[in-house]
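The sequence shown runs -22 to -1, 1 to 198 under mature numbering (1 follows the signal peptide of the UniProt record, and there is no 0). The C-beta atom is built at its ideal place from N, Cα and C for all residues, glycine as well. Report on the structure given below.
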Amino acid sequence: MNRLIRTFIGLCLLPGSEAAIAQAPQTEASPLLGEWRYASAQHEGKKSYSTFVIKLHKSSGNQITGSYCFITEEGQRIDCDTEGINNLNGTISPDGLRATINFFSFFGSKNGISDISINNRELHWKVTRNPDGDFFYGPLDVYLTRDSKASDNRQVTANRAYLYAEPTSKGKTKFYIIKGDMVELLKIADNLKFWRVRYTAKDGRIIERWIECGTVNACP
């Protein structure tokens, strides 16, 4: 029997074999997830003096992760990361409407804590513990509105949706996700045929790849 099992595993790992990526069991998405934006104007009320953007997505179970980008003084101070590093992580409440977030500033301050919650369809960000360090310029208590132009969650409609390393036919990999899996749409390719998506696997890994727009019924 053991020999039979080893033979089966060996066949699965043969070069050229395809592999489905198991996704974590789907539960109702928390309304906290998505992209949120806050902007404050100068006294003249014309230019946006500072902007604060929060991006949140589920990592695994009741865990949430994401990042913020804070730009103030008309771009003179920028607390963001261009490499996509997450600086927010925490635990979602059972009702999905609140979370306690641990965060750090990209200026180096660490161990900050914030409570976030949904209030009248806005995201309330309230810092309950300032991060350690001298360089944190982010807002302490603000309400953010959902960015309607931000990414969207879609369900795979094709039996198999292959993952692509690049948005061309040459970028096709051997890995795929299956009908019913959920992905987060990030951006559409210039050729309008592929979407960059974020996918949470069963083991908690977060994967970003390209998929054909037709596999999620999201072609322009």
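Cβ neighbour criterion (16 or more within 10 Å) applied to residue i
i, result
"Ala77", "buried"
"Ser147", "exposed"
"Ala143", "exposed"
"Pro72", "exposed"
"Asp181", "exposed"
"Ile63", "exposed"
"Asp57", "buried"
"Gly158", "exposed"
"Arg187", "buried"
Rounded separation between residue i and residue j - CA only
i, j, result
"Asp130", "Lys104", "25 Å"
"Asn169", "Arg15", "28 Å"
"Tyr154", "Glu51", "45 Å"
"Thr178", "Lys33", "15 Å"
"His102", "Pro109", "18 Å"
"Phe114", "Cys47", "12 Å"
"Asn195", "Ser8", "23 Å"
"Ser18", "Lys150", "44 Å"
"Arg183", "Gly39", "12 Å"
"Gln54", "Gly86", "17 Å"
"Asn137", "Ser28", "45 Å"
"Lys171", "Glu162", "16 Å"
"Ile185", "Asn98", "32 Å"
"Thr135", "Thr193", "6 Å"
"Ser45", "Asn65", "5 Å"
"Leu141", "Asp112", "43 Å"
"Arg145", "Ala167", "Correcting the residue type first, residue 145 is Pro in the shown sequence and not Arg. The alpha-carbon atoms of Pro145 and Ala167 are separated by roughly 6 Å."
"Ala139", "Glu61", "26 Å"
"Asp93", "Ile156", "35 Å"
For residue i, the residue or residues it bridges with in DSSP
i, result
"Gln133", "Met160"
"Arg107", "Ile91"
"Ala17", "Thr29"
"Leu101", "Ile96, Leu122"
"residue 238", "This structure cannot settle anything about residue 238, because the visible part of the chain is limited to -22 through 198."
"Val175", "Leu163, Arg187"
"Tyr142", "Lys150, Trp188"
"Asp57", "Phe48"
"Gly12", "Leu34"
Cutoff 6 Å; reference residue i; Cβ partners in own chain excluding five residues on either side
i, result
"Asp59", "Phe84"
"Gln133", "Met160"
"Pro117", "Phe30"
"Lys88", "Phe82, Pro109, Asp110"
"Lys165", "Arg174"
"Asn67", "Thr43, Asn80"
"Asp119", "Lys104"
"Ile49", "Thr29, Ile56"
Residues of its chain near residue i, where Cβ-Cβ distance is below 8 Å and the 5 sequence neighbours each way are ignored
i, result
"Leu11", "Leu34, His35, Lys36, Ile42, Asn131"
"Arg70", "Note on identity: in this sequence residue 70 is Ile, with Arg being the wrong assignment. Same-chain partners within the cutoff: Ser8, Leu10, Lys36, Asn40, Gln41, Ile42, Arg76, Ala77."
"Cys197", "Leu170, Lys171, Cys191"
Contacts around residue i, its chain only, beta-carbon distance under 7 Å, and the 5 residues preceding and following it disregarded
i, result
"Ile96", "Pro9, Leu10, Leu75"
"Glu100", "Tyr121, Leu122, Thr123"
"Ala(-4)", "Lys152, Phe153"
"Arg107", "Gly90, Ile91"
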